[in-house]
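According to the numbering used here, the sequence shown is numbered sequentially starting from 43. Inspection log for the structure reproduced underneath, given as structure tokens.
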Amino acid sequence: MKIERTTDLAACHALRRAVFIEEQGVSEFEEMDDQDDQAIHLLAWQDDRPVGSARILLMGDTGKIGRVCVLASARGTGLGAALIRAALDVLRDQPGVTRAKLGAQTHALGFYEKLGFAAHGPVYDDAGIPHRDMTRDL
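So, in structure tokens, the structure goes:
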């Protein structure tokens, strides 16, 4: 398994389509926004095929990790945690960025807590899925 920065948006979009649109029922309008152009994208590979992705948006001293997805066939392998750790490494290399933020689906709060994130604020609806904001210092 390898994770690398990528400019291959087609591969990232295909993964996001499979996980968010087809599996989770998020509308294409909500999933495909106008922020991909400004983002850093990570792509995870297993056996020469893309199986996961994430994107990072830089907002002042904060890096927002989002659109984290892993194909069903690659879940339970540690890939999701590896993607988050890779995103945190990218953020640590950005001058002036001191914390990471993400919007976690509520069923995944424990997963992110194990990676050092703390939940705050109320539960909110994002694309019909309950989420909660989480942050951690870098």
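Every residue gets a Cβ at the ideal spot worked out from N, C-alpha and C, and that includes glycine. None of the values given here were measured: they were computed from a predicted structure.
Looking at the secondary structure, which residues open and close the alpha helix (DSSP H) in which I126 lies?
Here residue 126 corresponds to residue number 84 of the sequence shown, with the count starting at 1. Start and end: 121-134.
Report buried or exposed for S95, applying the criterion of at least 16 other Cβ atoms within 10 angstroms of its Cβ.
In the sequence shown, the residue the question calls residue 95 occupies position 53. Counting Cβ neighbours within 10 Å, S95 comes out buried, since at least 16 surround it.
Any chance the stretch 134-146 sits against the stretch 111-125, with 3 or more Cβ pairs inside 8 Å?
no
Pull up the distance between the alpha-carbon of Q88 and that of D167, whole angstroms please.
Translated into the one-based positions of the sequence shown, residue 88 becomes position 46. Translated into the one-based positions of the sequence shown, residue 167 becomes position 125. Spanning the two alpha carbons is a distance of roughly 32 Å.
Secondary structure at D168, three-state DSSP: helix, strand or coil?
Position 126 of the sequence shown, counted from the first residue, corresponds to residue 168. Three-state result, D168: strand.
Whole-Å CB distance - R174 paired with L151, under 8 Å assumed
Residue numbering aside, residue 174 sits at position 132 when the sequence shown is read from its first letter. Residue numbering aside, residue 151 sits at position 109 when the sequence shown is read from its first letter. So it is a contact: roughly 6 Å between Cβ atoms.
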